[in-house]
Each structure stands twice: as structure tokens, then as C-alpha cells.
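J.:
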Amino acid sequence: MARISDRAIWLVCFASASLGIARDQQALTDWRPAPPTDAQLDSLVSAGEGCLGIFDKQLCLSSKDGSSQQMLEAYSVKGEACVWCGGGRCTSNNNATCGPFDLLMSGEGRAFDSFY
């Protein structure tokens, strides 16, 4: 019977671990919800100070960003649905507990370091 070398076992384990990491990375991107529809956005109140200035859950969840800032980095801000971050900081950049959908869902690693 042929003996499997330690190196072959290591390669199989490494390949399996690499596939697991790829699946984990895919799972990280799959958690993102679909953006709100136009009809859903139409039902939201425009928050003139923008989502980042809201610190109340109900107000955040019923609002869209009405600030004058169109974009931050490559991400939409104005007109985006506000996202409530559970009462804690949304990102590593500031202490905001509410933020614009596109920025929060897509900006990690570019517009801010970490999404909490």
C-alpha cells in the first residue's frame, strides 16, 4: 500500500483551508441586504442634516439622507435610505449610529476601515 507523504497531507489541508477561507469571504459579502426600491425610498422622510446626524432609532429608520453631500468617496449619500446601527457606532470613522445605505453596505475598506 502506498504511503501518503506528510507534504501531500499538508497540501490537502492547506487547499481545504483555502477553500474554507474563500467561502467565508463570500459569506461576508452575501449578508448585505438588497437596496431599497424607489417606492420604499419615496415613503421615507428626507433628513436635512443627513443620516449621520440622526441618533434616534425611529427617526433613522423612517428617513433618507437629505444632506447636500451627493457622494463620499465613490458611495452615494444624498437620497440613500438611513440605516440604524443598533445604537452603537456604525463605522470606525466616527460615532454616528445611523448612516446612508450605500456608504455603510459598500464602503468598508475604502471609505472607512471597519463596519461594526
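Under mature numbering (1 follows the signal peptide of the UniProt record, and there is no 0), the letters of the sequence shown match residues -22 to -1, 1 to 94, in that order. Each residue gets a CB set at the ideal place from its N, CA and C atoms; glycine is no exception. From a predicted model like this one, the values you see are computed outputs, not experimental measurements.
1) List in chain order: all unbroken beta strand (DSSP E) runs of 3+ residues lying wholly within the region 43 to 74.
2) Please state whether DSSP places residue 31 in a helix, a strand or coil.
3) Hey, would you say residue 19 sits closer than 9 angstroms to residue 59, going by beta carbons?
4) Determine which residues share a DSSP beta bridge with residue 41 and list them.
5) Could you please give me the residues that DSSP links to residue 79 through a beta bridge?
6) Might you give, ordered along the chain, the residues of its own chain that have their beta carbon closer than 6 angstroms to the beta carbon of residue 69, omitting 5 neighbours on each side?
7) Taking Cβ to Cβ, would you say residue 83 is nearer than 9 angstroms to residue 55?
8) Look at residue 43 and residue 21 and say whether their C-beta atoms are less than 9 angstroms apart.
T.: Quick look at the numbers:
1) 60 to 62
2) helix
3) yes
4) 23
5) Residue 79 pairs with nothing; no bridge assigned.
6) 90, 93
7) no
8) no
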